[in-house]
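Quick notes on the structure that follows.
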């Protein structure tokens with residue numbers, strides 16, 4: 053715990069702490085993920101969400117935070133798959149896409165037409 057406290061001494065500055073709280077609030081609003089100040093890899097998580105965001109305000113806040121704390125210049129981790137879709141902080145498994153060979157040969161099943169019943173009568 054002592055090493056974590058010494059690594060996070062930059063959080064004792066009130067102006068920096070205000071920016072961190074603002075980043076946490078914007079991340080919670082956009083992604084639905086609550087980041088805690090006591091988390092082990094807080095800096096990495098803040099950097100990851102700042103890269104993924106669509107919010108210009110979060111991007112500006114993160115850049116301001118990086119200017120004030122040079123320790124936060126973290127290199128992005130390499131993702132093995134490239135772009136991963138997230139929903140509220142959870143990675144979504146993508147549906148397997150059909151290969152081009154299957155489409156050319158016509159092996160794919162045509163989409164089924166859904167039977168629509170309205171007031172007891174089949175209409176589609």
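Residue numbers (our numbering): 53 to 176.
Here a beta-carbon is modelled for each residue, glycine too, at the ideal position from N, C-alpha and C.
My understanding is that residue 124 touches residue 117, with C-beta atoms under 8 Å, so please give their C-beta distance in whole angstroms. 6 Å
#### Entry: Close beta carbons around residue 74, own chain, < 7 Å, minus the five adjacent residues each side
113
query = With DSSP run on the structure shown, which of helix, strand or coil describes residue 174?
reply = strand
What span of residues does the alpha helix (DSSP H) with residue 112 cover, start to end?
108-120
Going by CA-CA distance only, name the one from 141, 163 and 65 that's closest to residue 85.
141
I need the straight-line Cα distance from residue 83 to residue 172, nearest angstrom please. 43 Å
Contacting residues, own chain, Cβ-Cβ under 8 Å from residue 168 (five flanking each side not counted): 174, 175 and 176
| Going by DSSP, which residues form a beta bridge with residue 101? | Beta-bridge pairing links residue 101 to no other residue.
Select from 89, 138, 120 and 93 the residue whose C-alpha is nearest the C-alpha of residue 184. Look at the range of the chain in this structure, 53 to 176, and you will see that residue 184 is not part of it.
* From the DSSP output, read off the bridge partner residues of residue 169. => 174
query = Grouping DSSP H, G and I as helix and E and B as strand, with all else coil, what is residue 143?
reply = strand
Please classify residue 76 as buried or exposed, where buried requires at least 16 other C-beta atoms within 10 Å of its C-beta.
buried
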